[in-house]
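Protein chains in written order, with this note's numbering: chain B, 249 to 676; chain W, 249 to 676. No residue lacks a Cβ here, since even glycine has one placed at the ideal position from N, Cα and C. Following: one structure in structure tokens, then a few remarks.
Protein chains: 2
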Amino acid sequence: MKKLNIAIVGLGNIGSYLYKYLIKNKKILAEKNNCVPNIIYVSAKNKKRKRGIRISKKKWLNHYLEATTNKNVDLVIELVGGAEGVAKKLVFNALKNKKHVVTANKALIAKYGDQLAKIAESNKVNLEFEAAVCGGVPIIRSLKESLIANKIKKIYGIFNGTSNYILSSMDKENKSFLDVLTDAKKLGYAEANPKADLNGDDVSAKLKILSSLCFNSFLNKNIHVEGIKDIDKIDIINANTLGYKIKLLGFAELINKKIYQRVHPTMIKKTSYVASIDGVLNAVIINGEPVGQSIIQGEGAGPSATTSALVSDISSILRGNIKFPFSISGKKRKKLSYENISERFFSAYLRFDVTDKSGVLSNITSIFSNNNVSIKRLIQNPNKNKGTSSIVIITHISKDKSISKILKTINKKSYIKKKVKLIRIDEN
Amino acid sequence: MKKLNIAIVGLGNIGSYLYKYLIKNKKILAEKNNCVPNIIYVSAKNKKRKRGIRISKKKWLNHYLEATTNKNVDLVIELVGGAEGVAKKLVFNALKNKKHVVTANKALIAKYGDQLAKIAESNKVNLEFEAAVCGGVPIIRSLKESLIANKIKKIYGIFNGTSNYILSSMDKENKSFLDVLTDAKKLGYAEANPKADLNGDDVSAKLKILSSLCFNSFLNKNIHVEGIKDIDKIDIINANTLGYKIKLLGFAELINKKIYQRVHPTMIKKTSYVASIDGVLNAVIINGEPVGQSIIQGEGAGPSATTSALVSDISSILRGNIKFPFSISGKKRKKLSYENISERFFSAYLRFDVTDKSGVLSNITSIFSNNNVSIKRLIQNPNKNKGTSSIVIITHISKDKSISKILKTINKKSYIKKKVKLIRIDEN
């Protein structure tokens, strides 16, 4: 039987898990794919780290770049992470030297995916990155193969387990953002430095990759990104009162040949499917023609779920199935225009913490009216002891630019105690 | 660019939709798969039926079997349906003559899949049947490719849109089975003869195929099948009172190297994911190692969703990716033992319509006790006017055989006005 010689670079939690998996399941994978997955080399920063695996000395490369030059290597698996440095050098060199590449690196693909795909295509090797987006949720392969028939109009969902865990725990346990974040770190659901999870960057990278696949377009940086770090307990409580849940959602939509990419906390109906996704799960909803709406849900992260994704990529290469990294040749990918969301229309939740004095409410509502934004619902909760008041306004569907303008004006007012909170509402 | 010559046999709703789709999307499919999907022949029982498509005369075959013998045909798409007759002859002959086959025929694959796969394997052609199971839900390709890394322990879900539509409408609109069925026929959600949808046979065929793929085993007929036609409005009401919904679920599980396949109405917690799937949707839940739990949801039937599935199969063949029809070579598929569910343990909902007289309840409970089945909950609703009483019993988890024995004994009693209703409960 044929063999595919593999070098794994990066042996952290994921790399070690994958190594063990491939050793243990070599036979069944060979039987299913008619080709043996054969690990011949590994490389990692810290050779001596405890991994619970025995790796013979001759498998260790002296330098990670040898994986890209060694004649015996067919496939380089990059599990280093980060858009620059080692990972970047490794993947670029591997593809240039006609090695297949499997990577779990969303930052790298979101940034250099187009360039990398071009090299892969001209060198007729695979560049696979299922594990870069939503761990165990096989969304990349689904878009490239299972749902290949479809024109995708919209893809959205929960793409970050850490922030979803925090938001659903704040809701269920009635705790503050910081308390839940502390819990999440203890439980291993948040990293020591969870910045990219909380500020939306992680979702942003994933969404860029998905947009590109869905719409046969190049990667694009025009994306509106807000994270969850400003969500207060009071917003969660207000959402519940109004019949909503708050989720950090990513959306990519094709409207009149323009692509809109956005990541922001979103109020969605309590009874909607997305509202039911709690904890560290990921869920992706795809609206396609002719298939209608499809949903894929699963574990979004962790060594085991990620290994499932990596092995599906490895198997695809074992079967000898060369495909375009972004579903279609770089020559045929479209240069669609990516627009920012200022011209889009949303209904919005706005929370104003103000000094409780007469005239404030009428000033606020007059600013709405001056900007042609119509108010659907208004709730005022005065806190007499503190001399403050919390005003919640739900707008009718309005231009995003108009809402921004209102916020800019009102944030300057002396009666504003705290930056106005905006959460967009999605009624789907 | 390479071409793949296709013959479509069967031009009903699905065949016609697929024909139109392939004509319209020839270019993009060719670009994505590096090979042109080229329809050269068609065949259908009724040439003159209105299809809204123009097919040139020279494309019509004189006889459907010519699709299997014509030298120019590379791929035969079978959309005739049924396990025997035309469909069977067509697919067997096509594979024997080294043509690839794509089919949407679950009855054929559930019955003859093993034999067909053997021919396909020895002739090195594809036999693809994504469209046979759950229409637009790409469960076959997900099991064979996206989730290839996983040992599947359990697969279950809602595999029949018609019966799910009926059960959820009975629940939401508080209507009887027959009233909803009449509506469903008018709306096109149930066929004129919906027998296979209602008696569980449709789910049974799909589940057999899924079992075989999940557990790398041969197809097996040992399956417990109950449909939904005996579900009364009162059971739906009782389920709600008890915190459950009733769904027609299929389950395939691997427990101690034995496979259990079952299809039956099931009470599941109102708050569970499966309970939220209403209408004609299908949902498949997969418990795999290492991926954890994955869910795929989508439109289960109809020409558009089915075309999405067919095109994913066709694309796989366009890319030239020969795979084993059941994921692994027939030589490696296992002969696992399939057991019936009598030794399995379930909690059960039982409804007894009895004559309202003293001694009945104590007789019933004594029969439970004699069979070592412990009662968790009992509700008695007498109907004084009719002199009858409805007794609902929820058991603790008990051996299925013991429940059957109780039913057999009690059904013979003179105080029983109507066959006792059993609905198994799933607490997951």
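Item, Value
"Residues near isoleucine 525 (chain W) in its chain [Cβ-Cβ closer than 6 angstroms; skip 5 each side]", "Ile406 and Ala531"
"CB contact check: leucine 189 (chain B) to chain W, cutoff 8 angstroms", "Here chain B covers residues 249 to 676 and nothing more, so residue 189 (chain B) does not appear."
"Contact list for lysine 582 (chain W) against chain B, beta-carbon separation under 8 angstroms", "Within chain B, no residue comes near lysine 582 (chain W); the closest Cβ sits about 11 angstroms away, beyond 8 angstroms."
"Closest by C-alpha distance to serine 560 (chain W), when choosing among W:Leu446, W:Leu270 and W:Ala355", "W:Leu270"
"Alanine 500 (chain W) (DSSP reduced to helix, strand or coil)", "strand"
"Residues of the region 259 to 274 of chain B whose Cβ lies closer than 9 angstroms to any Cβ of chain W, in chain order", "Tyr265, Tyr269 and Asn273"
"Contact with chain W by glutamate 547 (chain B), beta-carbon distance below 8 angstroms", "yes"
"Presumed contact (8 angstroms Cβ cut-off) between isoleucine 507 (chain B) and alanine 500 (chain B), rounded CB distance", "7 angstroms"
"Beta carbon proximity, glutamate 421 (chain W) to chain B, threshold 8 angstroms", "no"
"Check whether lysine 201 (chain B) and valine 284 (chain B) have beta carbons under 8 angstroms apart", "Within the shown structure, residues of chain B are numbered from 249 to 676, placing residue 201 (chain B) beyond reach of any answer."
"Limits of the alpha helix (DSSP H) - the one that tyrosine 360 (chain B) falls within", "354 to 370"
"Endpoints, beta strand (DSSP E) assigned at serine 638 (chain B)", "636 to 643"
"Short CB-CB distance (under 8 angstroms) between glutamine 363 (chain B) and chain W", "no"
"8 angstroms Cβ cutoff met for isoleucine 673 (chain W) and serine 595 (chain W)", "yes"
"Exposure label - glutamine 363 (chain W); buried when at least 16 CB within 10 Å", "exposed"
"According to DSSP, residues forming a beta bridge with phenylalanine 594 (chain B)", "B:Ser646"
"Neighbourhood of glycine 361 (chain W) by C-beta distance below 6 angstroms, restricted to the same chain and skipping five residues each side", "Leu467"
"Straight-line gap, valine 373 (chain B) to leucine 343 (chain B) (C-alpha atoms, nearest Å)", "7 angstroms"
"Per-residue burial, isoleucine 301 (chain W) [other beta carbons within 10 Å of its own, 16 or more giving buried]", "exposed"
"Proximal chain B residues relative to alanine 553 (chain W), where beta-carbon distance stays under 8 angstroms", "Pro538, Val539 and Gly540"
"Residue burial classification, asparagine 320 (chain W) (beta-carbon count within 10 angstroms, cutoff 16)", "exposed"
"Within the region 592 to 633 of chain W, ranges of the alpha helix (DSSP H) (whole runs, at least 4 residues)", "608 to 618"
"Separation of valine 350 (chain W) from lysine 280 (chain W), as counted between CA atoms", "19 angstroms"
"Which listed residue (W:Asn504, W:Ala352 and W:Asn447) has its alpha carbon closest to that of lysine 402 (chain W)", "W:Asn504"
"Given glycine 546 (chain W) as reference, the closest of W:Asn294, W:Tyr437 and W:Pro386 once Cα atoms are compared", "W:Pro386"
"Under 7 angstroms by beta carbon: chain W residues contacting glutamate 376 (chain B)", "Those within 7 angstroms of glutamate 376 (chain B) in chain W number zero; the least Cβ separation is about 12 angstroms."
"Cβ neighbour criterion (16 or more within 10 Å) applied to proline 630 (chain W)", "exposed"
"Whole-angstrom distance between histidine 311 (chain W) and leucine 338 (chain W), CA atom to CA atom", "11 angstroms"
"Interface flag, leucine 395 (chain W) vs chain B, CB-CB below 8 angstroms", "yes"
"Any chain B beta carbon closer than 8 angstroms to arginine 389 (chain W)", "yes"
"Where the alpha helix (DSSP H) containing lysine 336 (chain B) begins and where it ends", "333 to 344"
"Sequence-distant residues of the same chain with beta carbon closer than 6 angstroms to isoleucine 671 (chain W), five excluded per side", "Pro513, Met515 and Tyr597"
"Cross-chain neighbours of valine 559 (chain W) in chain B, by beta carbon under 8 angstroms", "Ile396 and Ala397"
"Partners in chain W for tyrosine 413 (chain B), counting only beta-carbon separations shorter than 7 angstroms", "Result: empty, since nearest Cβ-Cβ is about 15 angstroms, beyond 7 angstroms."
"Interface partners of glycine 384 (chain B) on chain A, CB under 7 angstroms", "Although the question refers to chain A, the structure presented lacks it and instead comprises the protein chains B and W."
"Coarse secondary structure for glycine 540 (chain B), derived from DSSP in three states", "strand"
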